[in-house]
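Shown next, in structure tokens, is the structure this report addresses.
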Amino acid sequence: MTQALDGKVALITGAGSGMGRASALEFAAQGAHVLVADYLAEGGERTTAVIRDKGGDALFFQVDVTNPAQVEAMVKKAVDTWGRLDFAHNNAGIEGLLGPTAEGTLENWNRVLATNLTGVWLCMKAEIPQMLSQGGGAIVNTASAAGLHGVKGFSAYCASKHGVLGLTKVAAKEYAKQGIRINAVCPGPIETPMLKRIVDVSRVIAPDSMAGATPMGRAGKAEEVARVAVWLCTEAASYVTGVGMPVDGGYVA
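For our numbering, count along the sequence shown from 1 and bump the result up by 9.
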């Protein structure tokens, strides 16, 4: 059976673990060439090795998404290697330090916003011109259920993810007629290293409360988010743009 994305080129940031790794594996499973991008080399190289072991085509690129020159070099690497860029999943993100709003630090605020929001903007700023030159493409940004409602103790994180949704909607309207679809996934509680860290250090979340907060009564799996991200890039979603799609077991319903 022909794979849905045979010969296409996908770029995934934050692909060294969690949802980013699952997304990279899913794009590769569907036949895409995958640029695995991450700040941490060990995780990114591991993701790349797993894809290659499964018969896929992947290359690792180390990137700090807050650095414009590195982001531009990342997109250039994909194009230099495979000749084009069809899809991007701008997934890199951090939770930062958690706690009440008035106890937050400017350093933490700036760090979280720089990675989660400015990083997505910088990625799109580099990806969109390449896609325009090709006549189209599809971008998925990772927002969060915390971009759809407030979560106590997560002021910087919530602000950044609300921003990602706003940015996604604006860009989707700007480039829809030029063949670029731009959407966001809004994961709820997902079994990832980030969720484990949040539960371990949080002063506002009980260890057993995350799964119980969803109508399905469980945390999601990274693969469940990855399948939605990839679907948003396929022709099956050809009339979908500007959407912040919850993947959260009904958490924000």
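C-beta: ideal position from N, C-alpha, C; glycine also.
- Judged by beta-carbon spacing, L14 lies beyond the 9 Å limit of V249, meaning their Cβ atoms are not closer than that value.
- In this chain, D73 is not harboured by any alpha helix (DSSP H), its DSSP state being neither H nor E.
- Residue environment analysis places G53 among the buried positions, since at least 16 neighbouring C-beta atoms fall within 10 angstroms of its C-beta.
- 9 Å or more divides the Cβ of A38 from the Cβ of D95.
- Rounded to the nearest angstrom, the gap between the Cα atoms of A181 and T243 is 16 Å.
- Contact between A235 and S32 holds, since their C-beta atoms are separated by about 4 Å, short of 8 Å.
- Take A155, set aside five residues on each side of it, and the residues of its chain with a beta-carbon closer than 7 Å to its own are F163, Y166, C167, K170, in chain order.
- Secondary structure remark: continuous beta strand (DSSP E) runs of at least 3 residues inside the segment 20 to 95, in chain order: 42 to 47, 67 to 71.
- By the Cβ rule, the segment 66 to 73 does not count as touching the segment 109 to 117, because fewer than three pairs are nearer than 8 Å.
- For the pair T22 and A50, the CB atoms are not nearer than the 9 Å cut-off.
- Residue environment analysis places R30 among the buried positions, since at least 16 neighbouring C-beta atoms fall within 10 angstroms of its C-beta.
- Ranking G144, R93, P109 by CA distance to the CA of K17 puts R93 first.
- The beta carbons of Y48 and A101 sit closer together than 9 Å.
- Per DSSP, T177 is one residue of the alpha helix (DSSP H) stretching across 164 to 184.
- Under the three-state reduction of DSSP output, R190 falls in the strand class.
- For L174, same chain residues with a beta-carbon under 7 Å away, outside a window of 5 residues either side, are A152, G156, A193, G253 in chain order.
- Here E136 is buried. Its C-beta has 16 or more other C-beta atoms within 10 Å.
- By the CB criterion at 9 Å, T56 and A87 fall outside the cutoff.
- In the DSSP assignment, the residues bridged to N99 are N150.
- Within the same chain, and ignoring the five residues on either side of R190 in sequence, the residues whose Cβ sits closer than 6 Å to its Cβ are A147, T250.
- Annotation: V160 to A97 spans about 28 Å, alpha carbon to alpha carbon.
- Within the same chain, and ignoring the five residues on either side of L106 in sequence, the residues whose Cβ sits closer than 6 Å to its Cβ are N117.
- Rounded to the nearest angstrom, the gap between the Cα atoms of P77 and N125 is 14 Å.
- Collapsing the DSSP output to three states places E112 in a helix.
- One Cα belongs to E104, the other to E200, and the distance between them is close to 14 Å.
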